[in-house]
Amino acid sequence: MLGFFRSMLKSRIGAAVALVFLGLIALAFASADVTGSGFGGIAGGDRAAKVGASRVGTAELGKALTNAFEQERQRQPGLTMQQFLDAGGMETVLTGLTDRLAIAEWGKRHGMVSSNRLVDSEIVKVPAFQGVDGKFSQTTYEQLLAQRGLTDKEVRQDLGQGLIARQLLLPAAFGAQMADEAVQRYAALLTEKRVGSIAMIPSLAFAPASPPDANTLSAFYNANKGRYMQPERRTIRYLVVDEASLKTVPAPTEAEIANRYKQNSAVYAASEQRTVTQVIVPTEAAAKALAAEVRSNGALDAAARAKGLVPSKLENQTRDTLANQTAKAVADAAFAAAQGSVATPAKSAIGWHVVKVDAIKRNAGKTLDQARPEIVTALTLEKRRAALSDLAAQAEQEIDGGTGLADIAKTLNLTVATTPALTADGSVYGKQGEKVAADLAPLVQAAFAMEREGEAQLAELKAGEKFAIFDVGQLTAATPAPLDQIKATVGRDWAVEQGSAKAKAAADKILAALNKGTPMAEALKAAGVALPAPQAVDLPRAALNQMQGQVPAPLALLFAMAKGSNKRLEGPNGQGWYLVSLKDIVIGNVKRGDQVFAQAARSFAADSGDEYAQQLRTAIRKDIGVERNAAGIKAVRDQLTGANAQ
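With our numbering, letter number 371 in the sequence shown gets 429, and the count goes up by one each step, no holes.
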């Protein structure tokens, strides 16, 4: 949960970057298509927090939370707003907003500003504001602001705050270092090896011998229904519309073919391209002398280099492209010369050109009849795609008018298909490892965002070639699995719970024996039941790094213990208890020139820099003063989670 924010906050200068990202604008344009949140006039007042002389409004907080939630939901399709807030979304976003305001106000007090030009430069960098040519588009900018319910003033103010945050926090984090002695000690820990043993005391080893009766099993199931929740699943009803769905599309007419030929006359006209080598000299006399020398021995490259000149090759040049790169006189001379010959020297704005024609490529061109097949193919494809686009527009108009999927299918003479029940990540419910068809995957997220069944939408599956009209066929809310389908699982869970207390008591008894010096294998025998044999561990810390964050809890504990100590650790879901015994720690021998030392130094520098930035951020927050309005914050939470409607 909230992996995006947490990974960001752990990064180099994470505090500063998080502040920039958590701005209202950055969130809005990093996320999916999110329109206005509908905030304003809610209970608790319109103030979520007071920051110095400024404030964070409930509408601003609501927008930021909605956009942050949508961004996180792209990573976790099944995420709900309640889960997002429970995992710390409110605290993360609100702290980001208030700290940005505090830093901006503190910066202004001390003469820091973000000029209009600097803000402009930030705006043009936002990919969402760029047009099809990759450059900033004022039209796109204004349209997106309208879609997100934002104003130009809000965008500029928000980006300005982010710029001041950067000016303050980045220097605080930059260049931090840790003493070599501390780095060396830390690096030695990174290369240490630990020797010990781990034993598992399973709850099932102490479970009752007899299975539970029906009443006991039912009571346990009713008390623990949350364990057996089946995820929300939905079926998607859909029509796939592509070129095969089109009725007869008129063939290109003779007039259309002739017009296309005329429009592309330059493509079909006879043409000539030349590959040339040229040398540029300052005077006409030098050019004529070099040309004469080349005509006698035929080697322009060698003759030029002998004089300290550098020749350049221009490949596949038309008369116009060569003229654009040199001058019209140079191009005319080059195209008047025969292949393998040297053209008459000609002048451009930068000097005299000596040009040798290396190769000539002539294209005879195409008559209308010769070009007809490719023109017909192109026009036919365009007509079919235009017809498909018209069909999509017709379907969208039907959807906007409230027409249902079945009626649209009749109009288009298509058959409605239905997917199996799917979960939010596109998996087929009840079939391990099976996913929805790849071409339908884009529909899943939109389908799970719909509030009810029967609300048709249109989505493009392949640009210009295929689209789908779809709705939710059946929506099954997340509910506990029926007891009769999972009796074996529930029975096992009951047995685990019954044995858990006895397993804990046994683990405590064994731990006491270990602390008195009893060997692990001997201590386990005192439990009075058959237990798994202890597992010996002889592992370097580097092995944990190779586990990519998936370190088993007992191993993580082993590497956090003191030498000669013993610890007890509860297993997941009440499955039992681990006993971890650390016999020895072998410290690595690290020298200052070693690679691991350099890695440790970089890691310490990053952590130190982030700590400096965090301390500055906290100090500024205290200096400016931040007061939260609990009623306003609760009102935002209630509106986002729907509590107001309950």
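By construction, the Cβ of each residue, glycine as well, lies at the ideal position given by its N, Cα and C atoms.
Closest Cα partner of residue i within the set the options
i	options	result
VAL587	LEU674, ALA565, ALA594	ALA565
ALA392	GLY192, LEU275, VAL412	VAL412
ALA611	ALA591, VAL638, PRO598, GLN604	VAL638
SER354	LEU372, PRO340, MET605, GLY398	GLY398
ALA507	ARG105, SER112, GLU128, GLY110	GLU128
PHE525	TRP552, ASP427, ALA499, PRO538	ALA499
TYR199	GLY207, PHE187, TYR286, ASN624	PHE187
ALA362	ALA345, GLU373, ASN374, LEU372	ALA345
THR293	ILE408, ARG252, LEU501	LEU501
GLU180	MET148, VAL213, GLY165	VAL213
ARG113	ALA162, MET148, MET139, GLY522	ALA162
ILE643	TYR670, VAL609, ASP596, PHE662	ASP596
ASN421	SER276, TRP635, PRO185, VAL325	VAL325
VAL337	VAL388, ALA505, ALA521, GLN321	VAL388
LYS193	ASN282, GLY522, LEU203, VAL182	VAL182
LYS371	GLN140, LEU380, GLN196	LEU380
ASP497	ALA464, GLU523, ALA479	GLU523
GLU628	GLN672, VAL694, ALA559	ALA559
LEU472	GLY646, SER303, GLU130	SER303
ALA536	SER323, ALA450, LYS283	LYS283
VAL299	ALA204, ALA614, LEU463, LEU217	LEU463
CB of residue i within 8 Å of CB of residue j, strictly
i	j	result
ALA107	THR156	yes
GLY512	ASP529	yes
GLY254	LEU519	no
GLU342	PRO403	yes
GLY115	ALA160	no
ARG442	GLU314	no
TYR319	LEU426	yes
THR534	ARG295	no
VAL415	ALA429	no
GLY484	VAL474	no
TRP286	ILE544	The question names Trp, but residue 286 is Tyr in the sequence shown. Yes, the pair counts as a contact, with Cβ atoms nearer than the cut-off.
LEU297	LEU137	no
ALA594	ILE568	no
LYS234	GLY667	The amino acid at residue 234 is misidentified as Lys; the sequence shows Ala. Yes; because the gap between Cβ atoms is below 8 Å, this pair is in contact.
ALA417	THR333	yes
TYR670	MET258	no
GLY165	GLN225	yes
MET236	ALA663	yes
LEU367	VAL339	yes
ARG650	ASP191	no
ALA385	LYS365	no
GLN132	ALA539	no
LEU203	THR209	yes
THR699	MET148	no
ALA563	ALA571	no
PRO269	PHE278	no
Integer-rounded CB distance, given that residue j should sit under 8 Å from residue i
i	j	result
GLY531	SER261	That pair is no contact at about 43 Å.
LEU227	LEU674	6 Å
ALA263	ALA561	7 Å
MET578	PRO590	Not quite, the Cβ-Cβ distance comes to about 12 Å (not below 8 Å), so this is no contact.
LEU143	LEU119	Actually they do not touch by this definition, with Cβ atoms about 12 Å apart.
ARG291	TYR487	4 Å
ALA553	ALA265	4 Å
Near the ligand HEM: residue i beta-carbon under 7 Å from a heavy atom
i	result
SER447	The ligand HEM is absent from the structure shown, which contains no ligands of any kind.
According to DSSP, residues forming a beta bridge with residue i
i	result
ILE259	TRP635
HIS168	BP columns for HIS168 are empty, so no partner.
ASP642	VAL253
LYS108	ARG113, GLU685
VAL371	Residue identity check: residue 371 is Lys in the sequence provided, not Val. Paired residues: THR335.
ASN174	None; ASN174 has no bridge partner.
ASN624	SER639
LYS329	One point to set straight first is that residue 329 is Ser, not Lys, in the sequence displayed. ASN421.
LEU291	The displayed chain sequence assigns Arg, not Leu, to residue 291. In DSSP, ARG291 forms a bridge with THR534.
PRO598	LYS251
LYS525	The amino acid occupying residue 525 in the given sequence is Phe; Lys does not appear at that position. Looking at the DSSP assignment, PHE525 forms a beta bridge with VAL299, GLU518.
ASP410	Rather than Asp, the amino acid found at residue 410 in this sequence is Trp. Bridge partners of TRP410: VAL339, LYS405.
SER354	According to DSSP, which records beta bridges pairwise, SER354 is partnered with nothing at all.
ALA475	TYR296
VAL400	LYS414
Practice prompt. Take every Cβ of the segment 652 to 671, pair it with every Cβ of the segment 236 to 248, and state whether three or more of those distances are shorter than 8 Å.
Written response: These segments touch.
Worksheet item: Hey, is the segment 208 to 225 in contact with the segment 174 to 191, meaning 3+ C-beta pairs nearer than 8 Å?
Response: In the pairwise beta carbon analysis, the segment 208 to 225 is classified as touching the segment 174 to 191: at least three pairs are separated by under 8 Å.
Worksheet entry | Any 3 or more C-beta pairs closer than 8 Å across the segment 510 to 525 and the segment 419 to 438 | Counting Cβ pairs under 8 Å, fewer than three are found: no touch.
Worksheet item: Are the segment 679 to 690 and the segment 122 to 138 in contact at 8 Å, needing three or more beta carbon pairs?
Response: Contact between the segment 679 to 690 and the segment 122 to 138 is absent, because fewer than three Cβ pairs lie under 8 Å.
Worksheet entry | Validate contact between the segment 364 to 384 and the segment 318 to 332 using beta carbons, cut 8 Å, 3 pairs | In this structure the segment 364 to 384 lies against the segment 318 to 332, because at least three pairs of beta carbons, one per stretch, are closer than 8 Å.
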